[in-house]
Amino acid sequence: MSEHETEIDTTGRYDVHATEQKWRAVWDELDPFRADDDSPREKRYALTMFPYPSGDLHMGHAEVTALHDVVARYWWQRGYEVLNPMGWDSFGLPAENAAIRNDAHPADYTYGNIATQLESFQRYGVAVDWSRRFNTSDPEYYRWTQWLFLQLHAKGLAYRKNSPVNWCPNDQTVLANEQVVDGACERCGAEVTKRELTQWYFRTTAYAQELLDSLDDLQPTWSDKVVNAQRNWIGRSEGAHVDFVVEGREEPLTVYTTRPDTLFGATFMVVAADAPLAAELVTEEQAGALEDYLVEVRKESEINRLSTDRPKTGVALGRTALNPLTGEQIPVYAADYVLADYGTGAIMAVPGQDQRDWDFAQAFDLPVVRTVQPPEGFDGEAFTGDGPAINSANDEIDLSGMGVAEAKSTAIAYLERQGLGRGTVNFRLRDWLLSRQRYWGAPIPIIHCPTDGEVPVPADQLPVELPELRGADLKPKGTSPLGAATDWVEVTCPTCGGPATRDTDTMDTFVDSSWYFLRYLSPHDDTQAFDPELARAWGPVDLYVGGDEHAVLHLLYSRFFTKALRDLGLLDWDEPFSAYLSQGKVINNGRKMSKSLGNGVSLGDQLSEFGVDAVRLTLVFASPPEDDIDWADVSPGGSLRFLQRVWRLSGDVTSAPGTSPADGDVALRRLTHRTLHDAATLVESHRFNVVVARTMELVNATRKTIDTGAGPADPAVREAVEAVAVLLSLVAPYTAEEMWERLGHQPSVARAGWPEVDEALLVEESVTAVVQVQGKVRARLEVAPDVSEADLEAAALADEAVQRALEGRTVRKVIVRAPKLVNIVAG
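Structure (structure tokens):
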């Protein structure tokens with residue numbers, strides 16, 4: 001037995017856990033996946049979304065890592081230099097909340113979990129270059145997060161303003177629009193409310209059109225679901241800004257509408273009750289009514305306010321506005337179904353074409369004028385479909401009979417000629433609110449001076465490190481805990497030398513994860529955030545693997561950062577991720593895994609019972625990557641039994657390493673080379689489960705050759721088993737390494753190289769053609785793959801069994817599908 005050979009137990013199985021321990025030590029010594037920046041080989045950058053360290057690894061981590069590892073290992077086998085790094089997204093609410101729940105300081109809790117996850121990842125056998133790992137909570141990392149913030153600030157892409165913001169009452173912090181899902185906090189599920197606060201933003205809207213246009217380039221390599229989610233979130237619409245002259249107001253009230261063709265049907269206006277505009281417009285007589293109404297409005301969530309099902313409420317502001325096309329004075333109301341951060345916080349209400357406007361008009365007895373002809377028999381309320389314009393004319397413009405597109409363009413042209421409005425492109429996307437009233441995040445590197453205003457922290461004073469605040473109460477209270485750290489907050493202004501204060505908010509964790517893929521290029525460089533030359537050599541990321549839950553949030557922010565850094569001259573590419581593979585979820589008995597549901601599955605328990613390779617193989621084989629895996633429907637035990645069969649197979653080979661397979665079993669050789677050829681295509685198209693299935697077929701055929709053919713000495717058997725070892729190295733690295741050693745090779749099989757495929761063995765010598773007479777199979781013919789239709793028809797008609805079936809009948813038609821089918825119709 002060799003130095004590393006694994007003991008076989010009494011059942012003939014090998015000890016998977018001893019195998020794991022043995023090969024981890026070998027890999028630690030060999031470091032086979034360290035990426036070489038100076039390698040002359042073609043470079044590939046493989047990346048999986050890095051984890052939050054809020055606990056040990058779970059089944060979701062196991063799935064995404066196993067899927068990602070197939071590609072990274074395949075690229076190594078194909079001869080590429082592969083960058084496959086990993087780190088931890090260690091700042092932010094998940095880690096901080098978990099620490100608070102466990103009565104621990106976030107730093108202690110977070111770094112303890114990182115150590116636990118690192119051990120688990122290394123046990124899991126991932127093909128990672130561990131020399132590049134970092135944590136976003138390391139000062140060496142967030143120094144550069146702060147530096148990048150200041151670069152965006154200098155270009156006007158980071159700014160501070162007062163506005164209504166999303167507020168999570170549970171986490172006691174603001175949220176970006178993208179972090180509110182169905183009116184609830186994306187992190188904790190609490191119902192989100194609105195607050196008026198001064199906050200920091202990134203100007204993502206400056207790139208709205210480019211972010212939208214670039215999706216066309218990503219469409220072929222990103223999932224439709226993710227691309228469409230981003231298109232919908234960016235939400236481009238074409239319409240017009242229309243000016244309404246308001247009684248007693250010098251400036252006109254401007255509203256945005258996607259349907260300027262319906263202006264003739266605008267019979268009232270609505271202002272968001274909680275917008276500053278409502279307080280400005282309300283008359284003295286109505287001020288008390290508005291204040292009373294606001295008390296009720298502030299109790300409602302945003303999602304409830306937008307619901308079409310609830311009764312419409314509001315209050316008159318005591319003003320009227322002039323409809324620029326009808327010349328009529330129309331009343332102005334405050335209501336809760338318009339939001340303060342939508343456009344100007346005001347809309348023109350067209351009850352004939354909008355159901356919420358219709359409901360409001362009915363509630364307040366306001367007129368309804370249809371401007372689009374409903375179809376015959378329409379008996380609904382508001383008509384929101386297309387149709388010819390009606391009731392849409394004045395002395396200077398007549399839209400009657402026009403379709404929607406023509407009526408829109410005609411109305412916009414008229415408004416522009418008259419100086420009453422202008423054609424406008426609008427976006428649903430809003431600027432990214434990035435500041436948080438929490439402790440565990442990168443401090444915002446701005447000093448507030450009463451003389452000089454917002455002063456950037458000088459670059460040579462970065463990082464602005466978090467004070468430890470040990471023993472302090474870090475539970476969320478609505479204001480940043482950093483405000484209590486007087487010695488940290490009170491500083492000297494870098495510009496004037498006078499007393500000043502630090503900004504006490506921290507950055508959203510999505511800022512850290514918007515550029516981390518760049519830091520992996522030069523993670524230990526203390527002179528720059530990343531090396532532009534290495535970015536040019538390695539980037540952009542060739543394949544990014546992650547979940548659909550980040551279809552908008554993280555992916556959109558990373559795309560914004562990439563375009564902004566390009567315009568700062570730091571990058572020369574436009575998109576961060578050339579291809580994106582979205583994986584499904586691991587569920588159990590048809591439902592999301594949850595402790596409360598009692599259907600949770602412990603990854604650690606599965607690894608202890610079945611071993612790493614069996615779990616990885618099960619996850620890869622279960623389904624296509626994008627589909628959910630129901631753990632109740634799969635069998636890690638079956639995967640383990642298969643791996644044991646494969647391991648025994650490697651021990652049965654008796655031919656010497658290097659033996660030429662040329663004289664081996666031809667049928668097995670053909671299957672081996674066809675499997676290797678097809679596996680390459682399957683991996684590149686992300687059909688990893690089919691690769692496993694084809695490998696299983698090759699294993700079965702090899703066992704059959706050993707047991708019933710030329711036996712274990714057949715050189716074709718060695719060729720096949722070596723191919724199986726390489727294929728399994730993508731999915732079950734411990735077993736593959738053990739097989740490779742037993743076959744007489746030096747480690748590591750992960751760098752063995754993809755076996756060369758003999759194209760001659762891919763050519764089939766014969767094909768079975770089925771011959772049918774009157775729909776019934778009468779013969780099977782062995783023919784050449786390139787047989788002509790004429791020759792195949794002649795062979796079929798000459799066959800004795802076919803002639804007997806045709807006896808006494810006239811051949812009326814022969815349908816030939818060379819080389820596999822002949823269908824004869826007889827009369």
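Position one of the sequence shown corresponds to residue 1 (the UniProt record's numbering), numbered consecutively onward. Using N, Cα and C, we set each Cβ at its ideal position, and we do this for glycine too. A quick note: this is a predicted structure, and the numbers were derived from the prediction, not measured.
Asked, Found
"Best match in G288, L263 and E756 for proximity to N323 [C-alpha to C-alpha]", "L263"
"Coil, strand or helix - A340 by DSSP", "coil"
"CA-to-CA distance, K22 to H4, given in whole angstroms", "Confidence at H4 is low in this model, with a pLDDT of 40, below 50, so its placement is unreliable and the value that follows should be read with caution. Approximately 7 Å, taken between the alpha carbons."
"Nearest neighbour of T204, chosen from R370, K43, F642 and S514 [CA to CA]", "S514"
"Beta-carbon spacing of L571, P532 below 9 Å", "yes"
"Complete runs of the alpha helix (DSSP H) confined to the segment 169-231 [at least 4 residues]", "208-213 and 215-218"
"The segment 157-175 / the segment 472-482 touching (three or more Cβ pairs under 8 Å)", "yes"
"Exposure of Q418, with buried meaning 16 or more beta-carbon neighbours within 10 Å", "exposed"
"Three-pair Cβ contact test at 8 Å for the segment 552-559 versus the segment 576-585", "yes"
"Short Cβ contact (9 Å threshold) for Y80 with R44", "yes"
"Distance between L93 and L433 (C-alpha atoms, nearest Å)", "15 Å"
"Residue burial classification, S237 (beta-carbon count within 10 angstroms, cutoff 16)", "exposed"
"Contact set for G401: own chain, Cβ-Cβ below 7 Å, skip 5 residues either direction", "P388 and A389"
"Opening and closing residue of the alpha helix (DSSP H) in which I114 lies", "P106 to R123"
"Identified DSSP bridge partners for D630", "I587"
"C-alpha distance - D69 paired with W740, whole-angstrom precision", "19 Å"
"Reduced DSSP category for G604 - H, G, I as helix; E, B as strand; rest coil", "helix"
"Delimiting residues of the alpha helix (DSSP H) encompassing Y734", "P733 to R742"
"Contiguous beta strand (DSSP E) assignments of at least 3 residues, all confined to the segment 504-553", "543-547"
"Backbone CA spacing between L792 and P819 [nearest angstrom]", "7 Å"
"Beta-bridge pairing of W167 - partner residues as DSSP gives them", "V174 and T193"
"Collapsed DSSP secondary structure at D398 in the structure displayed", "strand"
"Proximity below 9 Å, CB of S131 to CB of Y111", "no"
"Buried/exposed call for T810, threshold 16 Cβ in 10 Å", "exposed"
"For A273 and L420, the rounded distance between their alpha carbons", "25 Å"
"The segment 740-760 touching the segment 776-783, judged by at least three CB pairs closer than 8 Å", "no"
"Backbone secondary structure at F33 - three-state DSSP", "coil"
"Beta-carbon spacing of S582, S223 below 9 Å", "yes"
"Neighbour-count burial assignment, Y109, 16 or more Cβ in a 10 Å radius", "buried"
"Simplified DSSP state of N689, which is helix, strand or coil", "helix"
"Reduced DSSP category for S650 - H, G, I as helix; E, B as strand; rest coil", "helix"
"Length of the line joining the Cα atoms of T501 and W488", "9 Å"
"Span separating the alpha-carbon of Y293 from that of Y333", "12 Å"
"Of the listed residues D386, G584 and G377, nearest to A407 (C-alpha basis)", "D386"
"Residue nearest to A484 in terms of C-alpha spacing, selected from P375, L466 and C493", "L466"
"Span of the beta strand (DSSP E), counted from its first residue to its last, around residue 831", "Missing from the structure shown is residue 831; the chain here goes from 1 to 827 and no further."
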